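Each remark here refers to the structure printed beneath this line.
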Amino acid sequence: MRVYDDSAIMETNISNERVYDGIILHIDHATNRLPNGRLAKREIARHVGASAIVPVDEDGQVTLVRQFRAPVDRVLLEIPAGKLDSKQEDRLEAAKRELAEETGLEAANWIHLDDLLTTVGFCDERISIYLATGLTRHRQHPDEDEFLNVVRMPLEEAVDLVVSDQIHDSKTVAGLLLAERMLRSKG
């Protein structure tokens, strides 16, 4: 692993002011001291975090969900995911809950693939991505305000959708590529 000396580019936080408290996001106005001594204003969106899952069955089929996303005003194909109930919630337990809610699946095997920082230019959201295998099917039970369709396809086909610019959700792009590489390396 490479080691970098970042001391010459670090900023030092001087102050934070919470300017908005929402259901999903909180917004802080921060003042930071730059490496050259000047002060800079930063708007930072605070997010509790999330977990996402790439569920792959014994036949190499991945389970995805199609759901409407209001911020981009369209239906997207995504890996199952959901926000944490609190900063203290165990990320793997959140992943297990979301997999069951959105797809009706439970998994016997879990591998942590990565922690993805979604939009580092303005937000501190971190999504933990897991590969789930050894799947068993149960009844799907999405949240009352969650409407989605479950889609199964070969993992290879889902990766093809990523590289052909048909999947645009960042956690899904990262999750599918990481899972495919992990499974390929295991032979």
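So the sequence shown is numbered by this note's numbering: it starts at 599 and just counts up by one.
We put the CB at the ideal spot given by N, CA and C, even for glycine.
For clarity, every value in this text was computed on a predicted model and none was experimentally measured.
Under three-state DSSP, which class holds residue i?
{"i": "residue 751", "result": "strand"}
{"i": "residue 633", "result": "coil"}
{"i": "residue 737", "result": "coil"}
{"i": "residue 669", "result": "helix"}
{"i": "residue 647", "result": "coil"}
{"i": "residue 699", "result": "helix"}
{"i": "residue 685", "result": "coil"}
{"i": "residue 691", "result": "helix"}
{"i": "residue 758", "result": "helix"}
{"i": "residue 600", "result": "coil"}
{"i": "residue 605", "result": "coil"}
{"i": "residue 732", "result": "strand"}
Based on Cα-Cα distance, which residue from the options lies nearest to residue i?
{"i": "residue 684", "options": "703, 746, 651, 644", "result": "644"}
{"i": "residue 726", "options": "772, 624, 732", "result": "772"}
{"i": "residue 617", "options": "602, 659, 744, 628", "result": "628"}
{"i": "residue 667", "options": "766, 774, 642, 722", "result": "766"}
{"i": "residue 688", "options": "704, 758, 648", "result": "648"}
{"i": "residue 786", "options": "641, 761, 664, 774", "result": "Because the chain is modelled from 599 through 785, residue 786 falls outside the range shown and cannot be assessed."}
{"i": "residue 735", "options": "700, 711, 716", "result": "700"}
{"i": "residue 635", "options": "610, 646, 656", "result": "610"}
{"i": "residue 638", "options": "658, 613, 620, 619", "result": "613"}
{"i": "residue 720", "options": "672, 785, 640, 671", "result": "640"}
{"i": "residue 631", "options": "779, 620, 605, 743", "result": "605"}
On the DSSP letters alone, give me the boundaries of the alpha helix (DSSP H) that residue i sits inside.
{"i": "residue 714", "result": "Looking at the DSSP string, residue 714 is not in any alpha helix (DSSP H); the run it does join, the beta strand (DSSP E), is 703-715."}
{"i": "residue 777", "result": "768-783"}
With respect to the beta strand (DSSP E) encompassing residue i, which residues constitute its N-terminal and C-terminal limits?
{"i": "residue 613", "result": "610-619"}
So, residue i versus residue j, is the Cβ gap smaller than 9 Å?
{"i": "residue 678", "j": "residue 662", "result": "yes"}
{"i": "residue 625", "j": "residue 681", "result": "no"}
{"i": "residue 652", "j": "residue 706", "result": "no"}
{"i": "residue 693", "j": "residue 728", "result": "yes"}
{"i": "residue 769", "j": "residue 703", "result": "no"}
{"i": "residue 788", "j": "residue 599", "result": "What the structure shows of the chain is the stretch from 599 to 785, and residue 788 is not part of that stretch, so it cannot be assessed."}
{"i": "residue 607", "j": "residue 722", "result": "no"}
{"i": "residue 675", "j": "residue 749", "result": "yes"}
{"i": "residue 777", "j": "residue 759", "result": "no"}
{"i": "residue 781", "j": "residue 654", "result": "yes"}
{"i": "residue 696", "j": "residue 650", "result": "yes"}
{"i": "residue 711", "j": "residue 656", "result": "no"}
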